[in-house]
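Enquirer: Quick note, the sequence shown lines up with residues 47 to 170 if you use the working numbering.
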Amino acid sequence: MKIEKIINEFDRLIKIASEEDNKYAFQDPAYELIDDLEESGNAFDFVEPIFRLIEKSPDIDFGGPGPFGSFLEKFYHKGYEEKLLDSLNRNPKKYTIFLLSRLCNDSNNPKNKEYKSILSSLEK
């Protein structure tokens, strides 16, 4: 499935969830879309577009971690961290700050102190 098509569908669902103030209008159908893109064979290609979508979206409840977080975190130690930090540098959102806080939970990560420092600066 084409990246643009799936991202546009996520965007549509986010708008509906925001307008209806109903997180499940996004979360429930988004899990099905995540299944589709995981089967695509090029799932990592969706990481950057998802972060960019989050950056331009209203601060809705994407879940904890929800469909996006569950998908993105599958790429932990495979490029996810760098993409998350890039997103936070461009436009930190409540959700991406939440994802960073989850990274800070891994005390064995050699960049843990760096992540905690960034998190601290964003929470001020």
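Each residue gets a CB set at the ideal place from its N, CA and C atoms; glycine is no exception. On a predicted model such as this, the values are computed, not experimentally measured, just so you know.
1. Suppose contacts are defined by Cβ-Cβ distances below 8 Å. Is Phe114 in contact with Phe108 by that definition?
2. In whole angstroms, what is the alpha-carbon distance linking Ile53 and Leu99?
3. Going by DSSP, what residue range makes up the alpha helix (DSSP H) through Asn158?
4. Gly112 to Tyr141, Cα distance in whole Å?
5. Drop a sphere of 10 angstroms on the beta-carbon of Phe97, count the other beta-carbons inside from all chains shown, and report buried for 16 or more, exposed for fewer.
6. Indicate whether Glu55 and Leu83 have their beta-carbon atoms separated by less than 8 Å.
7. Considering Asp132, what are the terminal residues of the alpha helix (DSSP H) in which it resides?
8. Quick one: give me the first and last residue of the alpha helix (DSSP H) that Asp57 is part of.
Expert: Let me lay it out:
1. yes
2. 7 Å
3. 158-169
4. 10 Å
5. buried
6. no
7. 126-136
8. 49-66
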